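So the protein lines, in turn, are chains P and Y.
Residue 113 in our numbering sits at position 88 of the first sequence, and the numbers go up by one each step.
Residue 42 in our numbering sits at position 17 of the second sequence, and the numbers go up by one each step.
Just so you know, even glycine gets a beta-carbon here, dropped at the ideal spot from N, CA and C.
Small disclaimer: the values here were computed from a predicted structure and weren't measured.
Right, one structure below, let's go through it.
Number of protein chains: 2
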Amino acid sequence: MKLTIKQNKLMEHLNYVIKGISSKNLIPILNCIKFELTDEGLYLMSTDNEIAIKTFLDKKDIETIDQVGEVVVSGRYIYDIIRKLPNEIINIEEVVDSKLLIYTSSSSFHLNCNNASEFPNLDLEDNKNPIYISKKGFKNIISQTSFATSSQETRPVLTGINFKISGNKLECTATDSYRLAKKTITLDETLKEDINIIIPTKNLLELTRLLGEDDNLEIHIFSNKVIFKFDTIVMMSRLINGTYPDTSKLIPTEFALEMKTNLSHFYDSIDRASLLTNEADKNTIKLESKGTEVIVSSNIPEIGNVEEKLEMEKNNDSDIKIAFSSKYMMEALKSFDSEEISLLFNGEIKPIIVKNTNSDDLIQLILPIRTY
Amino acid sequence: MKLTIKQNKLMEHLNYVIKGISSKNLIPILNCIKFELTDEGLYLMSTDNEIAIKTFLDKKDIETIDQVGEVVVSGRYIYDIIRKLPNEIINIEEVVDSKLLIYTSSSSFHLNCNNASEFPNLDLEDNKNPIYISKKGFKNIISQTSFATSSQETRPVLTGINFKISGNKLECTATDSYRLAKKTITLDETLKEDINIIIPTKNLLELTRLLGEDDNLEIHIFSNKVIFKFDTIVMMSRLINGTYPDTSKLIPTEFALEMKTNLSHFYDSIDRASLLTNEADKNTIKLESKGTEVIVSSNIPEIGNVEEKLEMEKNNDSDIKIAFSSKYMMEALKSFDSEEISLLFNGEIKPIIVKNTNSDDLIQLILPIRTY
């Protein structure tokens with residue numbers, strides 16, 4: 026393998042593949058980046074067995090392709106070396122004894138290569154029926170649901186986001202069994218077969234870091250993996266085995282009380298009330314309505330207490346007295362960008378629903394905490 | 026105590042005193058802020074016994090002073106509460122049972138107070154002969170020397186910066202016994218008595234975070250403490266007991282070889298060469314001159330090696346071959362802002378000196394590592 030390339034072109038693509046390397050991996054080959062130079066251009070690949078990332082630099086972005094071939098080198102080292110070189114033309118060349126020589130007029134690095142044949146064989150083929158979603162829309166889905174994912178490995182299925190497609194309706198659900206986030210969007214096409222998969226949340230978050238704002242994301246779903254294609258990048262994630270809990274019956278369709286409130290005022294009140302809560306106590310705060318006046322309150326006995334007053338519009342005369350986690354409520358509220366939201370109640374021991382007043386596209390459910 | 030005050034005015038000053046509270050303190054009163062309201066204005070104070078910070082809000086910055094008095098409350102809580110309140114007029118009032126009531130039209134907090142008499146009595150009086158240094162100049166001194174301080178508590182004197190004044194000459198020295206940084210400045214006045222004190226580096230760094238760019242800093246030195254005065258703030262730091270090592274004989278006055286080099290090119294070369302060093306090996310890199318060509322090199326056997334080529338101007342024909350820590354060299358180089366610097370050598374086992382070509386105001390000394 027032998028080529029010359031501008032530093033900034035190579036760096037752009039190393040920035041993509043470096044995200045496929047987990048810093049904790051004990052298997053040396055999984056800390057590597059594979060360079061595959063063909064007459065058409067340069068492929069860079071990385072994988073930690075959880076995800077794989079592949080990117081392509083077209084020959085027009087390469088100064089000279091002098092000899093095709095492939096090498097596998099430590100990802101962290103090649104990344105840092107290229108990053109610290111000036112934005113000049115860099116010579117990269119495989120030399121004797123499985124070494125990669127990287128040089129400019131003043132700098133010269135030799136890096137030991139790994140055996141290219143030991144690098145995992147990545148099957149990143151398309152399937153026939155990809156799904157198309159705008160990158161922006163996809164990033165929204167992930168940011169509006171991922172926080173509700175469980176971080177506990179005891180129930181692996183809850184560490185992912187459930188993607189369920191039926192016809193042209195995509196439902197994405199995340200839950201840690203104390204709260205649930207559900208986003209529904211309508212796809213441009215109607216799928217013939219239903220889909221029901223669980224994608225690890227941390228891989229989806231890694232993906233959103235790679236996604237720009239323009240154009241669509243192409244999603245190829247297989248039985249044990251999912252492949253995302255965009256720009257010059259192909260990213261593969263494994264799926265989580267297992268059956269996602271059926272959450273459809275958890276979300277009530279009728280409510281005893283609906284209250285409308287200004288989103289940012291409500292958020293700020295919860296935020297201040299949360300100052301006098303603590304993690305050990307599940308960040309419990311209380312909400313109590315008396316007519317249109319709502320009091321949010323909390324206390325830590327040895328420190329002090331707080332009361333926040335708000336006005337809310339109600340759909341009937343009933344009142345509510347309920348306790349919940351301020352942390353979960355704030356994370357749920359952050360997923361909305363409207364001026365007004367609705368809070369829906371069925372009594373003090375039933376789930377609280379937060380949603381946009383006139384839409385069910387995004388639903389946040391929070392279980393109350395029994396204190397009264 | 027009872028007053029009303031704009032949120033942003035109080036917040037500005039809480040931002041100062043919060044820095045006097047160490048998060049690790051187990052003594053509750055040392056996690057507190059003392060409010061002392063007089064007819065002239067409001068004093069805020071904090072201390073963790075290592076440092077003390079006092080700031081003053083003049084009555085013109087306070088809406089109403091309704092009742093003078095003093096209270097002591099948890100610093101972290103009052104800070105977060107005021108920070109999260111909107112920029113409105115806030116009512117603050119001591120109520121029965123040693124509670125502090127903080128309220129606006131919609132929020133109301135009660136915070137338990139500590140006993141004001143238990144708060145340490147801070148003696149922050151002036152002495153007669155303060156020293157005046159521009160804030161900018163003082164911040165330069167600290168940033169150009171503090172990194173060379175030892176972080177090891179085994180030799181406490183080396184965890185501070187030595188301030189030595191003789192006549193109108195102030196010498197500031199920091200060393201961890203492997204490298205040394207020394208900055209000399211000329212004061213506006215001549216002092217009658219010599220001064221030789223050690224100020225804890227971490228307190229000096231805390232101070233520089235409070236310092237703006239304009240005006241002077243007033244320094245009052247006592248036998249066991251130092252007091253800094255600026256703007257509305259008085260900050261006290263304890264001194265480190267003990268005798269600072271006499272470093273005057275460590276810095277040679279004659280050199281076998283002087284090399285001049287472009288600062289940023291040399292820094293970049295060291296930075297790249299440091300990629301193939303590791304901490305366990307003291308980040309050792311080698312520098313070797315052959316005529317005007319200088320090679321900087323390093324290697325990690327299992328990873329690879331690097332060679333960086335530079336041209337340097339020399340004052341004679343002798344050559345040098347020396348090894349040193351790339352980390353120490355980079356930290357030393359960062360303290361200069363000139364285009365060119367001088368590297369001074371007396372052979373491979375003698376200290377390396379880095380300084381501006383035509384000035385001895387700032388001297389960085391690095392001990393070589395014996396490898397040849």
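Got a sec: does the ligand NAP put a non-hydrogen atom nearer than 7 Å to the Cβ of residue i?
| i | result |
| --- | --- |
| Lys307(Y) | Looking for the ligand NAP in the displayed structure turns up nothing, as the structure carries no ligands at all. |
Roughly how many angstroms separate the alpha carbons of residue i and residue j, rounded to a whole number?
| i | j | result |
| --- | --- | --- |
| Lys124(P) | Ser350(Y) | 26 Å |
| Leu387(Y) | Pro111(P) | 29 Å |
| Leu369(P) | Ile252(Y) | 58 Å |
| Val319(P) | Ala298(P) | 13 Å |
| Leu312(P) | Ile377(P) | 11 Å |
| Val120(P) | Met70(P) | 21 Å |
| Glu118(Y) | Tyr128(Y) | 9 Å |
| Thr89(P) | Leu288(Y) | 33 Å |
| Ile244(P) | Tyr292(Y) | 46 Å |
| Val379(P) | Leu195(P) | 20 Å |
| Asp219(Y) | Ile246(Y) | 11 Å |
| Thr68(Y) | Asn371(Y) | Note on identity: in this sequence residue 68(Y) is Tyr, with Thr being the wrong assignment. Near 56 Å, if we compare the C-alpha coordinates of Asn371(Y) and Tyr68(Y). |
| Gly162(P) | Leu236(P) | 11 Å |
| Ile223(Y) | Ser99(P) | 46 Å |
| Thr317(Y) | Leu35(P) | 33 Å |
| Asp306(P) | Val331(P) | 16 Å |
| Asn324(P) | Phe172(P) | 26 Å |
| Ala77(P) | Ser47(P) | 11 Å |
| Glu61(P) | Glu279(Y) | 55 Å |
| Pro53(Y) | Cys138(Y) | 11 Å |
| Asp271(Y) | Lys375(Y) | 18 Å |
| Phe255(P) | Gly94(P) | 25 Å |
What did DSSP end up calling residue i once you bin it into helix, strand or coil?
| i | result |
| --- | --- |
| Tyr157(Y) | strand |
| Ile394(Y) | coil |
| Leu282(Y) | strand |
| Ile117(P) | strand |
| Val321(Y) | strand |
| Leu37(P) | Leu is not the amino acid found at residue 37(P); the sequence shown has Glu there. Glu37(P): helix per DSSP, three-state reduction. |
| Gly329(P) | strand |
| Asn241(P) | strand |
| Arg180(Y) | coil |
| Phe361(Y) | coil |
| Glu95(P) | strand |
| Met354(P) | helix |
| Thr209(P) | strand |
| Tyr102(Y) | helix |
| Thr170(Y) | helix |
| Lys336(Y) | For clarity, residue 336(Y) is Glu in the given sequence; the question names Lys instead. In the structure shown, Glu336(Y) sits in a strand (DSSP, three-state: E or B). |
| Ser299(Y) | helix |
| Phe349(Y) | strand |
| Asn221(P) | strand |
| Thr215(Y) | coil |
| Glu304(Y) | helix |
| Gly162(Y) | helix |
| Thr233(Y) | helix |
| Ile246(Y) | strand |
Would you grab the beta carbon distance between residue i and residue j for me? Rounded to a whole angstrom, and I think it's under 8 Å.
| i | j | result |
| --- | --- | --- |
| Ile295(P) | Val321(P) | 6 Å |
| Leu28(P) | Ile87(P) | 6 Å |
| Gly185(Y) | Thr170(Y) | Actually they do not touch by this definition, with Cβ atoms about 11 Å apart. |
| Glu75(Y) | Arg234(Y) | That pair is no contact at about 15 Å. |
| Glu283(Y) | Ser363(Y) | No, Glu283(Y) and Ser363(Y) are not in contact; Cβ-Cβ is about 15 Å, not under 8 Å. |
Drop a sphere of 10 angstroms on the beta-carbon of residue i, count the other beta-carbons inside from all chains shown, and report buried for 16 or more, exposed for fewer.
| i | result |
| --- | --- |
| Asn340(Y) | exposed |
| Asp385(Y) | exposed |
| Arg204(Y) | buried |
| Gly45(Y) | buried |
| Ser202(Y) | exposed |
| Tyr353(Y) | buried |
| Leu51(P) | exposed |
Can you confirm whether residue i, when its beta carbon is compared against all beta carbons of chain B, has any partner nearer than 8 Å?
| i | result |
| --- | --- |
| Ser131(P) | This model lacks chain B altogether, as its protein chains are P and Y. |
**OP:** Give the residues from the stretch 244-256 of chain P that approach chain Y closer than 8 Å (Cβ to any Cβ), ordered along the chain.
**Re:** Residues: none.
Original post:
Using a Cβ cut-off of 8 Å, which residues of the stretch 86-115 of chain P contact any Cβ in chain Y, in chain order?
Top reply: Here the close residues are Ser99, Tyr102, Asp105, Ile106, Lys109, Leu110, Pro111.
Original post:
the stretch 287-313 of chain P: which residues have C-beta closer than 8 Å to a C-beta of chain Y, in chain order?
Top reply: In summary, the residues of the stretch 287-313 of chain P whose CB is separated from some CB of chain Y by less than 8 Å are Asp293, Ser294, Asp296, Arg297, Leu300, Leu301, in the order they occur in the chain.
**OP:** Scan the stretch 325-359 of chain Y for residues whose Cβ lies nearer than 8 Å to a Cβ of chain P and list them as they occur along the chain.
**Re:** Per Cβ criterion, the list reads Glu327, Ile328, Gly329, Asn330, Val331, Glu332, Glu333, Lys334, Leu335.
Subject >> Contact residues within the stretch 137-161 of chain P, judged by C-beta distance below 7 Å to chain Y >> reply: Of all residues in the stretch 137-161 of chain P, Asn137 have a Cβ within less than 7 Å of some Cβ in chain Y.
**OP:** Check distances from the C-beta atoms of the stretch 59-89 of chain Y to those of chain P and list, in chain order, the residues that come in under 8 Å.
**Re:** Taking 8 Å as the Cβ-Cβ cut-off, the stretch 59-89 of chain Y has no residue approaching chain P.
Subject >> Contact set between the stretch 37-52 of chain P and chain Y, restricted to residues whose Cβ is under 7 Å from the partner >> reply: Residues passing the 7 Å Cβ filter: none.
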